[in-house]
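The listed protein sequences correspond, in order, to chains X and U. Quick note: the first sequence, position 204, residue 204 per our numbering, numbers continuous. Quick note: the second sequence, position 38, residue 38 per our numbering, numbers continuous. Reviewing the structure listed below.
Protein chains: 2
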Amino acid sequence: MSSDTTGISRDDCGPGPLPAGGKSRVRDRIFETACELFYRHGIHGVGVDAIAAEAGSNKMSFYRSFASKDALVAEYLREQEREYWAWWDAAVARHPDDPRRQVEALFEAQLEIAKSNECRGCALGNAAAEITDDEDELSTLVRAYKDKVRKRLHAMARAMGARDAEVLGDALMLLLDGGYFTRLIFPLGSGPISAALSAVRTLIEAHLPKSPA
Amino acid sequence: MSSDTTGISRDDCGPGPLPAGGKSRVRDRIFETACELFYRHGIHGVGVDAIAAEAGSNKMSFYRSFASKDALVAEYLREQEREYWAWWDAAVARHPDDPRRQVEALFEAQLEIAKSNECRGCALGNAAAEITDDEDELSTLVRAYKDKVRKRLHAMARAMGARDAEVLGDALMLLLDGGYFTRLIFPLGSGPISAALSAVRTLIEAHLPKSPA
DNA sequence: GGTATAAGTTACCGACTGGTAACATACCTG
DNA sequence: CAGGTATGTTACCAGTCGGTAACTTATACC
Numbered sequence: 001m002s003s004d005t006t007g008i009s010r011d012d013c014g015p016g017p018l019p020a021g022g023k024s025r026v027r028d029r030i031f032e033t034a035c036e037l038f039y040r041h042g043i044h045g046v047g048v049d050a051i052a053a054e055a056g057s058n059k060m061s062f063y064r065s066f067a068s069k070d071a072l073v074a075e076y077l078r079e080q081e082r083e084y085w086a087w088w089d090a091a092v093a094r095h096p097d098d099p100r101r102q103v104e105a106l107f108e109a110q111l112e113i114a115k116s117n118e119c120r121g122c123a124l125g126n127a128a129a130e131i132t133d134d135e136d137e138l139s140t141l142v143r144a145y146k147d148k149v150r151k152r153l154h155a156m157a158r159a160m161g162a163r164d165a166e167v168l169g170d171a172l173m174l175l176l177d178g179g180y181f182t183r184l185i186f187p188l189g190s191g192p193i194s195a196a197l198s199a200v201r202t203l204i205e206a207h208l209p210k211s212p213a
Numbered sequence: 001m002s003s004d005t006t007g008i009s010r011d012d013c014g015p016g017p018l019p020a021g022g023k024s025r026v027r028d029r030i031f032e033t034a035c036e037l038f039y040r041h042g043i044h045g046v047g048v049d050a051i052a053a054e055a056g057s058n059k060m061s062f063y064r065s066f067a068s069k070d071a072l073v074a075e076y077l078r079e080q081e082r083e084y085w086a087w088w089d090a091a092v093a094r095h096p097d098d099p100r101r102q103v104e105a106l107f108e109a110q111l112e113i114a115k116s117n118e119c120r121g122c123a124l125g126n127a128a129a130e131i132t133d134d135e136d137e138l139s140t141l142v143r144a145y146k147d148k149v150r151k152r153l154h155a156m157a158r159a160m161g162a163r164d165a166e167v168l169g170d171a172l173m174l175l176l177d178g179g180y181f182t183r184l185i186f187p188l189g190s191g192p193i194s195a196a197l198s199a200v201r202t203l204i205e206a207h208l209p210k211s212p213a
């Protein structure tokens with residue numbers, strides 16, 4: 001599923017067994033810079049020249065490490081997804097075997113992130129708003145990611161024994177993505193995202209079989 | 001890069017004058033076309049040349065009617081907002097003096113729209129994902145719009161006598177925008193947006209003072 | 001009919017962007 | 001030191017995009 005058609009297939013970004021033994025510092029610097037700039041200014045809004053320059057390099061070095069801007073974008077999206085799941089797993093791991101607390105922890109973590117000044121919502125989702133062209137690789141990537149989010153929420157709702165687990169999971173997803181979306185507009189902690197956790201609790205409560213407090 | 005050369009698709013390519021009595025027909029045609037294309041392919045994704053051509057006109061005629069692309073974009077956003085409130089008011093008007101049913105009708109109407117093949121979520125919100133540059137006029141416009149949505153939801157929550165009306169209103173906004181956002185990804189009726197109405201009802205119920213069934 | 005105005009046509013400009021060629025330099029390793 | 005590898009530098013190409021100039025044609029209205 002995660003086949004890499006871009007020709008660049010380094011999943012491992014750390015210092016490791018690179019062919020010549022030398023660290024590809026430039027490539028990493030460029031990539032990090034690209035991730036930042038893409039997230040901040042959007043994909044269309046940043047050119048390869050700007051990326052290379054901001055990374056203290058130049059366009060030619062950029063094209064020695066990346067086949068094309070599209071390839072970089074694809075890698076950016078994959079990296080964002082990787083980080084996202086790492087973040088997700090970390091939030092969830094704090095409450096093993098307690099799916100209800102896991103979901104709450106997820107939204108708590110989201111709220112925490114949303115307080116950051118640099119937060120601009122969901123990188124993958126924002127990309128979807130930009131990549132409107134067609135059924136290209138990027139769209140497929142984002143779609144697969146969102147599908148996975150949804151399935152996980154379904155699974156968590158099921159695991160907590162909810163009635164209509166799919167409906168609950170979908171509702172949670174709406175709240176989650178609504179938080180990301182509105183975060184694009186409302187500055188820092190002033191947006192409606194602060195109400196997400198309360199809504200999450202209410203919805204879960206309503207979907208759980210009656211239980212003694 | 002599927003640069004589809006826009007086939008001239010004039011609906012009324014026939015003899016005789018165009019819709020008689022119309023004043024600036026070209027301007028209107030261009031503007032309508034621009035709205036469609038902006039919504040479908042994003043603002044960055046459509047050039048003035050493509051707009052003019054798709055409208056059966058040309059760039060020069062475009063610039064006789066619009067001061068710049070930015071001016072057109074601003075007008076596009078204002079028009080989208082106008083249409084949005086018209087849609088909102090129509091949905092709400094069916095249940096005067098019943099804010100609870102009004103909110104439900106709003107989400108019913110959203111679900112209805114989301115079923116359309118042409119639906120690409122919230123035009124203003126998508127624009128916000130694109131316009132990341134700075135505090136320009138466009139951003140301000142979108143922010144004001146989202147603020148108004150939020151305030152209206154607050155007011156409706158208050159009108160239905162909800163406890164924590166602001167929290168409920170914010171939660172509704174998350175569901176609403178979550179629906180728009182996810183609609184960008186999930187095709188037609190298969191997305192989580194179909195769970196919105198159920199969540200809306202649950203949340204409202206939970207925020208309303210206990211009432212007899 | 002004649003004239004003002006709206007609209008189409010062609011050509012062009014400057015800026016920018018993705019991408020490449022050719023060459024120069026650093027650096028690490030054998 | 002030799003030599004390969006990674007990187008920097010400059011220049012350039014082709015395409016696109018926003019925007020304009022100058023001119024021609026069609027339309028409307030008196």
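Positions of the beta carbon are idealized from the N, C-alpha and C atoms, including for glycine. These numbers were taken from a predicted model, which means no experiment stands behind them.
- Around the Cβ of X:P187, a 10 Å sphere holds fewer than 16 other Cβ atoms; the residue is exposed.
- Note that the segment 124-132 of chain X touches the segment 77-87 of chain X; at least 3 beta-carbon pairs, one per stretch, sit closer than 8 Å.
- DSSP places X:H207 within a helical segment (H, G or I) once states are collapsed to three.
- Rounded to the nearest angstrom, the gap between the Cα atoms of U:E104 and X:A206 is 18 Å.
- Taking 7 Å as the cut-off, the beta carbon of X:M173 is found closer than this to the beta carbon of X:L153.
- Burial is judged here by how many other beta carbons sit within 10 angstroms of a residue's own beta carbon; U:D89 has fewer than 16 and is exposed.
- U:N126 belongs to the set of residues whose beta carbon lies under 7 Å from a beta carbon in chain X.
- Excluding five sequence positions before and after U:E137, the CB atoms of its chain that fall closer than 7 Å to its own CB belong to A74, given in chain order.
- In the structure shown, the three-state DSSP call for X:E118 is coil.
- Note on the segment 42-117 of chain U: whole alpha helix (DSSP H) runs with a minimum of 4 residues are 48-54, 59-65, 69-93, 99-114, in chain order.
- The Cβ-Cβ distance between U:A34 and U:L77 does not fall below 7 Å.
- In this structure, X:G42 places its C-beta atom within 7 Å of the C-beta atom of X:E130.
- A Cβ-Cβ distance of about 10 Å is found for the pair X:A159 and X:G169, leaving them out of contact under the 8 Å criterion.
- In the three-state DSSP reduction, U:I131 falls in the coil class, being neither helix nor strand.
- Shown here for U:K115: same chain residues with a beta carbon closer than 8 Å to its own, the five before and five after excluded, namely L188, G189 in chain order.
- The beta-carbon separation of U:L37 and U:Q110, rounded to 23 Å, does not stay under the 8 Å limit for a contact.
- Counting along the chain, X:M156 sits inside the alpha helix (DSSP H) bounded by residues 137-159.
- Shown here, U:D177 sits in a helix according to DSSP, grouped into three states.
- When DSSP states are grouped into helix, strand and coil, U:G125 belongs to the helix group.
- At a C-beta separation below 8 Å, X:S68 has no neighbours in chain U, since its nearest C-beta there lies roughly 11 Å away.
- Residue contact check for U:G189 against chain X: no CB pair falls below 7 Å.
- Distance from the CA atom of X:D164 to the CA atom of X:A199, rounded to whole angstroms, is 17 Å.
- Residues of chain U with a Cβ closer than 7 Å to the Cβ of X:R78 do not exist; the shortest Cβ-Cβ separation is about 17 Å.
- Residue state for X:I185 is assigned as coil, using DSSP reduced to three classes.
- X:R201 sits in a helix when the DSSP states are folded into three classes.
- When rounded, the separation of the alpha-carbon atoms in X:Y180 and X:V142 is 15 Å.
- In the displayed model, X:S24 falls within coil according to three-state DSSP, outside both helix and strand.
- Take the alpha-carbon of X:R40 and the one of U:D147: they are about 22 Å apart.
- In this structure, U:K59 sits away from U:D70, with a CB-CB distance that is not shorter than 7 Å.
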